[in-house]
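Numbering (the working numbering), first residue to last: 35 to 192.
Where is the CB? At the ideal position from N, CA and C, for every residue including glycine.
Just so you know, these numbers come straight off a predicted model, no measurement behind them.
Encoded as structure tokens, the structure appears first; notes follow it.
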């Protein structure tokens, strides 16, 4: 009887711990929520090839390393990958974001997520590919801009 009570107590504590961990990680600050909404706008800008809106998301002092570049780039080259695709007749057909983590502190929000995207041209829709994306956002006035970032291809699982 004592063993079953002890076991029940351990299970109850474990359950409470798991619930507390889940609810803490599920809660986001208002700044994190705002930045996640902007991340979705970011990809809508790419899909619409709205380069002006897309460029406005980037801080003048940005430096980052996109997966499509052999070296880090600054803001003046941030749309190169979009214009390269559109010049070849390719467009973003669809995408989905899967948040991995985010953290807000003072005037910075860092987000990590998986992006699965499908690109198409006039004749065919390509296979979906997944990237790991990290963006560091800085508060500028009442808004947010990306000041740093990096992306890499998600390794294929076997």
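Using the rule of at least 16 other Cβ atoms within 10 Å of the residue's Cβ for burial, across every protein chain shown, is residue 145 buried or exposed?
Residue 145 should be labelled buried.
Can you tell me where the alpha helix (DSSP H) holding residue 89 begins and where it ends?
For residue 89, the enclosing alpha helix (DSSP H) stretches over residues 85 to 90.
Determine the closest residue to residue 86 out of 100, 112 and 160, with distance taken between C-alpha atoms.
Nearest option by C-alpha distance: 112.
So, with DSSP's three-state summary, where would you put residue 170?
Strand at residue 170.
Please report how far the alpha carbon of residue 116 lies from the alpha carbon of residue 122, in whole angstroms.
As the crow flies, the alpha-carbon of residue 116 is around 10 Å from that of residue 122.
Can you list, in chain order, the residues of its chain with a C-beta nearer than 8 Å to that of residue 186? Leave out the 5 residues immediately preceding and following it.
The residues are 101, 165 and 166.
Given this structure, state the Cα-to-Cα distance separating residue 108 from residue 92, to the nearest angstrom.
Going by the C-alpha atoms only, they are around 9 Å apart.
Buried or exposed (CB count within 10 angstroms, at least 16 for buried), residue 69
Under this definition residue 69 is a buried residue.
Below 8 Å on the Cβ atoms is my guess for residue 66 versus residue 143; work out the distance and round it to an integer in Å.
With 8 Å as the limit, residue 66 and residue 143 qualify as a contact, their Cβ atoms being about 6 Å apart.
Indicate the three-state DSSP secondary structure (helix, strand or coil) for residue 127 in the structure shown.
The DSSP-derived three-state label of residue 127 is strand.
Please report how far the alpha carbon of residue 97 lies from the alpha carbon of residue 170, in whole angstroms.
Cα to Cα, the separation comes out at about 10 Å.
By how many angstroms is the C-alpha of residue 189 removed from the C-alpha of residue 62?
Each residue's alpha carbon lies about 28 Å from the other.
Taking the C-alpha atoms as reference points, what is the distance between residue 81 and residue 135?
Using only the alpha carbons, I get a separation of about 24 Å.
I need the DSSP call for residue 80, collapsed to helix, strand or coil.
Secondary structure of residue 80 (DSSP, three-state): helix.
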